[in-house]
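Below: one structure, written as structure tokens.
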Amino acid sequence: MADLTTKYLGFTLKSPVIVGSCGLTNSINEIKKMEENGAGAVVIKSVFEEQIRQEAEHFINHGSEKMSPMMNGYLDIIKKRQYDYEEAMEYLTNFAKEHTLNNYLKFIADVKKAVKIPVIASVNCVFTYDWHFFARRIQEAGADALELNIYILPSDPDKTGAANEDVYLKVIESVKKNVSIPVSLKIGYYFSGLANKVIELSKSGLAGMVLFNRPYNPDIDIENLKITDGSIVSSPQEFFHTLRWVALLSGKTGCDIAASTGIHNSDSVVKQLLAGAHAVQVVSALYLHGIDYIKEINEGLAKWMDKHGFKSIEDFRGNMAFANLKHPAAYERVQFMKLYSQIK
Numbered sequence: 000m001a002d003l004t005t006k007y008l009g010f011t012l013k014s015p016v017i018v019g020s021c022g023l024t025n026s027i028n029e030i031k032k033m034e035e036n037g038a039g040a041v042v043i044k045s046v047f048e049e050q051i052r053q054e055a056e057h058f059i060n061h062g063s064e065k066m067s068p069m070m071n072g073y074l075d076i077i078k079k080r081q082y083d084y085e086e087a088m089e090y091l092t093n094f095a096k097e098h099t100l101n102n103y104l105k106f107i108a109d110v111k112k113a114v115k116i117p118v119i120a121s122v123n124c125v126f127t128y129d130w131h132f133f134a135r136r137i138q139e140a141g142a143d144a145l146e147l148n149i150y151i152l153p154s155d156p157d158k159t160g161a162a163n164e165d166v167y168l169k170v171i172e173s174v175k176k177n178v179s180i181p182v183s184l185k186i187g188y189y190f191s192g193l194a195n196k197v198i199e200l201s202k203s204g205l206a207g208m209v210l211f212n213r214p215y216n217p218d219i220d221i222e223n224l225k226i227t228d229g230s231i232v233s234s235p236q237e238f239f240h241t242l243r244w245v246a247l248l249s250g251k252t253g254c255d256i257a258a259s260t261g262i263h264n265s266d267s268v269v270k271q272l273l274a275g276a277h278a279v280q281v282v283s284a285l286y287l288h289g290i291d292y293i294k295e296i297n298e299g300l301a302k303w304m305d306k307h308g309f310k311s312i313e314d315f316r317g318n319m320a321f322a323n324l325k326h327p328a329a330y331e332r333v334q335f336m337k338l339y340s341q342i343k
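Here the sequence shown is numbered in numbering that gives the first Met the number 0, starting from 0 and rising by one per residue.
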């Protein structure tokens, strides 16, 4: 029988199928179902930087019954803009951070009690902020690993690519100084030199990198002339972009690689493993088919391995990576004309 175990972030996972950060991983009952259906690990729903900032603004604007008389006194100082305004702002912001974080930490602790598979916490970073503070507390709460989710859209014409990309290194450096648990980085693909930057980031002390984060995409309602949401779930075709880059980067990074976006069935899992991925993250497929679908994906993977005589994932992982192919040019071909005219 096929052995589906794989190594990722230093853990031996019973399956390469990891449930990525999403609303489904914000429920202990759902996470227990994920484990029962064969998930190798779960990434619990991210705590967002914007969430913390909004929480702080809410406390400043409305206060809270949970605030002590001293904290309410600081709120009065802010409203009256008295001489120690900056100190009051700092106290209230710290209170808001602590309140938001405590809820997240309790959830981590509760999940750890409920399941045996690795529990990966997630923080969604936009700026450098003080993620070292969160990371340390997340580790203390019992998380097995931490995934930093950073996606910077290079839309500001006044910022260079180097300035945007420097944020990633600063966040990693700040977090790594304060935790000993494995840290992974989930990124998008907006880099001036993607291959170069992924390799550089992978050697910054990370245990893993997730390629790629799927961004929110806007759409336009042409009848009502307003901005609407694009498709929330991914399509199976979206995995091609990740497949190319997993294959190109496999064997060149200083850490493990997990593939994400467009992983909708066992075939796409097989392909990503052949390209060199150590694991895959699924989300949309579970929203579309239910958590039980994890079991179907694993069964499909095992059936394919049995058919081709592979006893373990390491028997074939990376066999179709760029570095292992005799004629790897297909991964770098970007012009359809070359394909149709057989130009090499």
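Ideal placement from N, C-alpha and C gives every residue a C-beta, glycine not left out.
Residue pairing for M208: DSSP places it in a beta bridge opposite L184 and I256. Per DSSP, D155 has no beta-bridge partner at all. The beta-carbon separation of S201 and T252, rounded to 4 Å, stays under the 8 Å limit for a contact. As DSSP reads the structure, I262 sits in no beta bridge. Here the C-alpha atom of F321 lies approximately 5 Å from the C-alpha atom of L247. The C-beta distance from D218 to G229 rounds to 4 Å, short enough to meet the 8 Å contact threshold. Excluding residues up to 5 positions away in sequence, S203 lie with their Cβ nearer than 6 Å to the Cβ of I171 in the same chain. Assigned with DSSP and collapsed to three states, F309 falls in coil, not helix or strand. For the pair D109 and K310, the CB atoms are not nearer than the 8 Å cut-off. Taking a 10 Å sphere around the C-beta of E139, we find fewer than 16 other C-beta atoms and assign the residue as exposed. The secondary-structure analysis by DSSP pairs E146 across a beta bridge with S121 and S183. Closest option to K270, judged by alpha-carbon separation, among H240, I290, K196 and I198: H240. Residues V118 and G141 of the same chain have their beta carbon placed closer than 7 Å to that of K111, with the five preceding and five following residues left out of the count.
Rounded to whole angstroms, the separation of the alpha carbons of L224 and F10 is 50 Å. DSSP places V174 in the helix class (H, G or I) of the three-state scheme. E331 counts as exposed, since fewer than 16 other C-beta atoms from the protein chains shown sit within 10 angstroms of its C-beta.
Pairwise C-beta distances place the stretch 285-293 out of contact with the stretch 207-216, as fewer than three of them are shorter than 8 Å. Rounded to whole angstroms, the gap between the alpha carbons of I262 and S234 is 8 Å. Annotation: T159 to L8 spans about 32 Å, alpha carbon to alpha carbon. In the same chain as A274, and ignoring 5 residues on each side of it, the C-beta atoms closer than 7 Å to its own belong to L242, V245, A246, S249, M319 and A320, in chain order. Residue state for T24 is assigned as helix, using DSSP reduced to three classes.
Within the stretch 215-244, complete beta strand (DSSP E) segments of at least 3 residues are found at 217-220 and 225-228, given in chain order. DSSP places D2 in the strand class (E or B) of the three-state scheme.
Contact between the stretch 299-318 and the stretch 29-45 is not established, with fewer than three Cβ pairs separated by less than 8 Å.
Within the same chain, Cβ atoms closer than 8 Å to the Cβ of F238 are found at A258, T260, G261, I262, H263, S267, K270 and Q271, the five residues on either side in sequence being excluded.
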